[in-house]
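Everything on this sheet refers to the single structure shown next.
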Amino acid sequence: MVGSVVTPEDVLQSLMNDGTIDSFRVKIINQLKGNVRFSALIFQEELKSNTITMVEQSKVLNTPGAEKQSKRELFDALRRDLESQVLEKASKAVWELILNNNGLGKEISEVVEKVYRRLSGIELPPPPPPPPPPMALAADENSVREGDGLKDSEMGESSARKRTFREMNAQDSRETAVNGAGVHHPVA
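Numbered per the UniProt record's numbering, the sequence shown spans residues 1 to 188.
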């Protein structure tokens with residue numbers, strides 16, 4: 001697909017094919033059920049109480065002769081009468097989750113962006129470099145090799161690494177102390 005225009009339909013098709021849409025659907029349902037967020041639990045209770053109120057005030061149940069109808073007839077009439085109102089409230093809650101810039105909405109945006117970039121052939125920016133490890137203190141004698149000042153973790157790379165000016169001066173100072181103060185032996 002590199003070089004061609006990637007449409008929203010292409011991205012959606014890719015998300016459907018790899019199961020991402022189903023995964024997000026499950027996450028949305030769980031959040032609406034209140035398994036993940038306290039506010040979703042409040043919404044669930046609010047939706048439940050609103051639905052009960054709508055059913056109690058429904059024209060279907062308050063129509064004379066409603067008590068003579070079968071349960072199936074009453075249920076079908078209630079569904080036709082109230083379904084759109086209940087679904088509208090649920091739809092608003094789902095969109096709030098999807099558009100939330102902190103939780104699930106952020107995750108959805110990141111996944112869509114990643115799929116779009118992959119389909120477009122756009123390179124993802126490299127991840128930021130990890131922070132440098134804290135400097136080891138010279139007092140930790142177990143981790144410093146005597147003679148060259150390298151930590152045990154650096155010993156494997158020491159032969160391929162150039163010594164710094166500071167390391168060379170430190171080594172010269174140690175050799176001077178071992179050989180005698182300022183005494184240089186001629187090389188034969």
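Think of the CB as a built atom: it goes at the ideal place given N, C-alpha and C, for glycine as much as any other residue.
{"query": "Mind reading off the beta-carbon distance from S120 to V6? Whole number of angstroms is fine, and I expect it under 8 Å.", "result": "5 Å"}
{"query": "Since L99 contacts V55 with CB under 8 Å, what's their CB separation in whole angstroms?", "result": "That belief does not hold up - the Cβ atoms of L99 and V55 are roughly 30 Å apart, past 8 Å."}
{"query": "Using CA atoms only, rank isn't needed, just tell me which of V112, A170, P131, D76 is closest to S14.", "result": "V112"}
{"query": "Output yes if chain C places a C-beta closer than 8 Å to the C-beta of T7; else output no.", "result": "The chain labelled as chain C is not found in the depicted structure, where only one protein chain is given."}
{"query": "Assuming K92 and L47 make a contact with CB atoms under 8 Å, what is their CB distance in whole Å?", "result": "Their Cβ separation, rounded to whole angstroms, is 10 Å, which puts K92 and L47 out of contact at 8 Å."}
{"query": "Provide the residue span of the alpha helix (DSSP H) that contains A77, from first to last.", "result": "71–99"}
{"query": "In whole angstroms, what is the alpha-carbon distance linking I21 and N102?", "result": "19 Å"}
{"query": "Rounded to whole angstroms, what's the CA-CA distance from V11 to N17? Just pull it up for me.", "result": "10 Å"}
{"query": "Would L87 be called buried (16 or more neighbouring beta carbons within 10 Å of its own) or exposed?", "result": "exposed"}
{"query": "Would you tell me roughly how many angstroms separate the C-alpha atoms of L104 and L97, rounded to the nearest one?", "result": "6 Å"}
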